[in-house]
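Peer 1: First the structure, then my questions, so here it is.
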Amino acid sequence: MQPSIIRPCPECGGQRVEVEDRMHIRGQYYYTPYAIYLQQWARSRNIFKRKSNKSETITLTCIRCGYTAWYATEPSNLIPDG
4 MQPSIIRPCP
14 ECGGQRVEVE
24 DRMHIRGQYY
34 YTPYAIYLQQ
44 WARSRNIFKR
54 KSNKSETITL
64 TCIRCGYTAW
74 YATEPSNLIP
84 DG
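Numbering (our numbering), first residue to last: 4 to 85.
Below, the structure is given as C-alpha cells:
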C-alpha cells in the first residue's frame, strides 16, 4: 500500500490518515521512541544473501472510529524461503 493511496476504513468507511508508529516507555525521565518493523523468521540467514527479511511499516488510523492498521512498506521481503 502506498501512503499516497489511502483507502477508506474497513470498519466504518471513514477517512484514514497516516500516523507515526512509535512506542514509548513510561517511567523514564523522557520518552524513548523505538522503530517498529516486521521480520520474517522463516527466512534463511545466509550471509551471502543480501536481501533483507525485514520491512518498515506505515500506520493508518481512522479519524472516525480509531481503527488502526500497520502495513509493511516492503512486503516482498517477508516471503519465506522456498
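Positions of the beta carbon are idealized from the N, C-alpha and C atoms, including for glycine.
Since the model is a prediction, treat every value here as computed from it, not as a measurement.
1. Which residue from 17, 75, 16 puts its Cα closest to that of residue 61?
2. DSSP three-state label for residue 58, please.
3. Distance, Cα to Cα, residue 10 vs residue 18?
4. Check whether the Cβ atoms of residue 23 and residue 40 sit closer than 8 Å, and answer yes or no.
Peer 2: According to the data block:
1. 75
2. strand
3. 8 Å
4. no
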